[in-house]
Amino acid sequence: TGSVGTSVASAEQDELSQRLAKLRDQM
Amino acid sequence: MALPAQLRAIQHHLRTAAEHEKRDPVVAYYCRLYAMQAGMKLDSKTPECRKFLVKLMDQLETMKKELGDNDSIGQEVVGNAHIENYALKMFLYADNEDRQGRFHKNMIKSFYSASLLLDVLSVFGELSEENIQHRKYARWKATYIHNCLKNGETPE
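Respectively, the protein sequence lines represent chains A and B. So the first sequence is residues 1 to 27, counted in our numbering. So the second sequence is residues 1001 to 1156, counted in our numbering.
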């Protein structure tokens, strides 16, 4: 479960970073 | 949603956003954008922080759609001017009250909000030296006058 949890966390972090970048790009 | 303790450093920026929701949605939008960026640096690892930041991002994307045709949102340089003008307007109001010797909660809040909005200005890039000084002075003045009034003293 530890490694699964970590990969879910980093996948969500990546997604957040991409969404933020997209939000900023559209500015 | 309750703010996780690890993200306490952005609570006042988020409160300023909530206060401006209706009054000035552009200010609300950039306060939340600043909080989002700062929050991701503070802690985007722990589940409760990530959950909070996902909700904040949802809110930002919704605001973006609603305000899309506003140049202050669509064009960074316009947004920068909007926030800077607003921050300096708050600073000058508080500074004028201070020089007139009128010390009250409103002017303290204006000094403090001006310092928060100068934080927000950093989403557009490095702060100018002048704005860094304004932010330091505004935060110091808000704290100093607040403490004087709390202790029943008259600020100099």
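All residues carry an ideal CB built from backbone N, CA and C; glycine is no exception. In this text the structure is predicted, and so the values were computed from the model without any measurement.
Restricting attention to alpha helix (DSSP H) runs no shorter than 4 residues, the segment 1003-1086 of chain B encloses them at 1011-1019, 1025-1042, 1047-1067 and 1071-1074, ordered along the chain. In this structure, B:Met1036 lies away from B:Leu1007, with their beta-carbon atoms at least 8 Å apart. With distances taken between CA atoms, B:Lys1109 lies nearest to B:His1013 out of B:Ala1009, B:Met1001 and B:His1013.
Here B:Met1063 really is in contact with B:Tyr1029; their C-beta atoms are around 5 Å apart, less than 8 Å. Shown here, B:Leu1088 sits in a helix according to DSSP, grouped into three states. Membership of B:Arg1139 in the alpha helix (DSSP H) is indicated by the continuous run Glu1129 to Lys1150.
Around the beta-carbon of A:Asp25, fewer than 16 other beta-carbon atoms lie within 10 Å, marking it exposed. The three-state secondary structure of B:Phe1124, taken from DSSP, is helix. For A:Gln13, a Cβ of chain B is located within less than 8 Å of the residue's own Cβ.
B:Glu1066 has its alpha-carbon roughly 32 Å from the corresponding atom of B:His1134. Taking a contact to require three or more Cβ pairs closer than 8 Å, the segment 1043-1057 of chain B and the segment 1092-1104 of chain B do not qualify as touching. Close CB contacts of B:Gly1039 within its chain, under the 8 Å cut and outside five residues either way in sequence, are with Leu1007, Ile1010, Cys1049, Phe1052, Leu1053 and Leu1056 (chain order).
For A:Ala9, the neighbours in chain B by C-beta distance under 8 Å run, in chain order, Lys1045, Pro1047 and Arg1050.
Under the Cβ distance rule, B:Gln1100 does not count among the residues neighbouring chain A, no pair being separated by less than 8 Å.
Per the coordinates, the alpha-carbon of B:Ala1114 lies some 44 Å from the alpha-carbon of A:Val4.
Not a single CB atom of chain A sits nearer than 8 Å to the CB of B:Glu1084.
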